Amino acid sequence: MPELPEVETVRDGLERHVVGRTVRAVEVRRPYSVRRHLAGPDDLAGRLAGRTLTAAARRGKFLWLPLDHPGAAGVPPDDALLAHLGMSGQLLVRGTADDVEQGGAHTHLRVRLLLDDGGALDFVDQRTFGHLSVVDLLPTPDARPGGAGSALPLVPAPVAHIARDLLDPAVDREAVARAIRRRRTQIKRAVLDQGVVSGVGNIYADEGLWRARVHPATPTADLDQATALRVLDGVAGVMTDALAQGGTSFDALYVNVNGASGYFDRSLAVYGQAGEPCPRCGTPVVREPFMNRSSHFCPVCQPAPAG
DNA sequence: CATAGAACCTGTATGC
DNA sequence: TGCATACAGGTTCTAT
0 MPELPEVETV RDGLERHVVG RTVRAVEVRR PYSVRRHLAG PDDLAGRLAG
50 RTLTAAARRG KFLWLPLDHP GAAGVPPDDA LLAHLGMSGQ LLVRGTADDV
100 EQGGAHTHLR VRLLLDDGGA LDFVDQRTFG HLSVVDLLPT PDARPGGAGS
150 ALPLVPAPVA HIARDLLDPA VDREAVARAI RRRRTQIKRA VLDQGVVSGV
200 GNIYADEGLW RARVHPATPT ADLDQATALR VLDGVAGVMT DALAQGGTSF
250 DALYVNVNGA SGYFDRSLAV YGQAGEPCPR CGTPVVREPF MNRSSHFCPV
300 CQPAPAG
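Just so you know, numbering that gives the first Met the number 0 puts the end of the first sequence at 306, numbered straight through with nothing missing.
Here is the structure:
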């Protein structure tokens, strides 16, 4: 469910409400939710107990909370609590004893970090596509020439193959546009490929392509540089607008770190708007199957590619 | 290596 | 009411 604006909203909330606090204990209620932590739930709990969360970072839809060094001597590997929200994940901060008590009864509570100040950080996830793990941070070159930087960014090993996202100050949009045009696929598939550019999901792909007036099935080989950049600008623009409003939300499935829903869904032009008039030309929006999901577009503003 | 499709899990909405 | 099917915002693994 959450795409970049939602995950960034959560990251911002964690930065302001959780960073600096220390984990006292961990409850793993659903081992499947920590399946990516190969050493198992007990190891995860052991590596978190007593550690202080020192920052909140993000790339694309992955977010992580770097941990302090317990021993302080020597140079232990940097590590972090890594989270992916999947389709339905939430990270909820419980501040008071009452909040902790009530949150503990939540049907979809999967993992709980009890904090030493009496609060808790809850990982709630209905569909369980999301996951938590504790992983090493490694200096990592960009998977693709999507951005240039003097120093290598420190990212979790499982994030090494994820390209920079469009809100990353170091992203190189011209290079991303060239990478897209090098692919031999359809534009929507390329925009959704997290190894090309990260953070984009089904909603913002459809909305960005509508803004750019490009049909989702357009072959990438047919795009000139200016058109590819227009798509990136469209996607970045809609994500920036969504972020300003705290992310998109359809229902109680998504809430930000404090439990407040976003409301960007009220300004979606085509996503979920099948049959409704295109805000630009009035033509009914079309929905068609795409990779076990749907694509939404205006058949007039976004003409289908020839053939 | 690049690309397309299946698989992973839970829940709601819809139709018969 | 009961049951089957479609669909949901993502990523990884496997096959080609």
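Ideal placement from N, C-alpha and C gives every residue a C-beta, glycine not left out. Here the structure is a predicted model, which is why all the values come from computation and not from measurement.
Identify every residue that forms a DSSP beta bridge with residue i.
{"i": "Leu52", "result": "Leu66"}
{"i": "Ala119", "result": "Arg93, Leu113"}
{"i": "Glu287", "result": "Ser294"}
{"i": "Arg57", "result": "Leu62"}
{"i": "Asp124", "result": "Gly88"}
Have a look at the options and flag the residue whose alpha-carbon is nearest the alpha-carbon of residue i.
{"i": "Thr95", "options": "His107, Asp78, Leu120, Ser87", "result": "Leu120"}
{"i": "Val234", "options": "Leu267, Asp223, Asp221", "result": "Leu267"}
{"i": "Arg188", "options": "Pro157, Ala220, His160, Ala174", "result": "Ala220"}
{"i": "Val286", "options": "Pro215, Pro155, Gln224", "result": "The displayed chain sequence assigns Arg, not Val, to residue 286. Selected option, being the one with the closest Cα: Pro215."}
{"i": "Leu153", "options": "Asp135, Glu100, Ala44, Gln224", "result": "Asp135"}
{"i": "Val299", "options": "Ala305, Phe289, Gly306, Pro283", "result": "Pro283"}
{"i": "Arg23", "options": "Asp115, Thr51, Arg182, Asp232", "result": "Asp115"}
{"i": "Ser293", "options": "Asn201, Val230, Tyr31, Val99", "result": "Asn201"}
{"i": "Thr21", "options": "Gln101, Asn291, Leu64, His130", "result": "Leu64"}
{"i": "Lys60", "options": "Val9, Leu47, Gly19, Leu43", "result": "Val9"}
{"i": "Arg46", "options": "Asp171, His16, Leu81, Gly207", "result": "Leu81"}
{"i": "Asp122", "options": "Tyr31, Arg212, Gly306, Arg183", "result": "The identity of residue 122 in the sequence shown is Phe, whereas the question assumes Asp. With distances taken between Cα atoms, Phe122 lies closest to Tyr31."}
{"i": "Gln193", "options": "Gly39, Asp164, Asp124", "result": "Asp164"}
{"i": "Leu131", "options": "Val199, Arg34, Gln224", "result": "Arg34"}
{"i": "Glu5", "options": "Leu90, Pro76, Pro168, Leu228", "result": "Leu90"}
{"i": "Pro302", "options": "Gln244, Pro218, Gly236", "result": "Pro218"}
{"i": "Val170", "options": "Leu62, Ala156, Val195, Arg183", "result": "Val195"}
{"i": "Arg319", "options": "Val133, Arg29, Leu84", "result": "Residue 319 lies beyond the range of the chain shown here (0 to 306); nothing can be said about it."}
{"i": "Pro17", "options": "Ile161, Ala211, Gly118", "result": "Per the sequence shown, residue 17 should be read as Val rather than Pro. The option with the nearest alpha carbon to Val17 is Gly118."}
{"i": "Ile186", "options": "Val213, Asp124, Gln272", "result": "Val213"}
According to DSSP, is residue i part of a helix, a strand, or is it coil?
{"i": "Glu275", "result": "coil"}
{"i": "Phe249", "result": "Because the pLDDT at Phe249 is just 46, under 50, the model does not fix this residue reliably, and the point stays unresolved."}
{"i": "Leu153", "result": "strand"}
{"i": "Ala82", "result": "strand"}
{"i": "Asp205", "result": "helix"}
{"i": "Asp171", "result": "coil"}
{"i": "Ser87", "result": "coil"}
{"i": "Pro140", "result": "coil"}
{"i": "Val134", "result": "strand"}
{"i": "Pro218", "result": "strand"}
{"i": "Leu166", "result": "coil"}
{"i": "Tyr262", "result": "With a pLDDT of 49 at Tyr262, under the threshold of 50, the predicted position of this residue should be treated as unreliable, though the coordinate-derived value follows. Reduced to three states, the DSSP call for Tyr262 is coil."}
{"i": "Gln101", "result": "helix"}
{"i": "Leu267", "result": "coil"}
{"i": "Gln224", "result": "helix"}
Between residue i and residue j, which are expected to be in contact by the criterion C-beta below 8 Å, what is the C-beta distance as a whole number of angstroms?
{"i": "Trp209", "j": "Cys280", "result": "About 11 Å separates the two Cβ atoms, so there is no contact after all."}
{"i": "Leu66", "j": "Ala56", "result": "Actually they do not touch by this definition, with Cβ atoms about 12 Å apart."}
{"i": "Arg181", "j": "Leu222", "result": "11 Å between Cβ atoms; not a contact."}
{"i": "Ala178", "j": "Leu228", "result": "That belief does not hold up - the Cβ atoms of Ala178 and Leu228 are roughly 12 Å apart, past 8 Å."}
{"i": "Val133", "j": "His36", "result": "6 Å"}
{"i": "His160", "j": "Ala142", "result": "5 Å"}
Contained alpha helix (DSSP H) runs [length at least 4] in the segment 15–53, N- to C-terminal order: Within the segment 15–53, the complete alpha helix (DSSP H) runs of at least 4 residues are 40–47.
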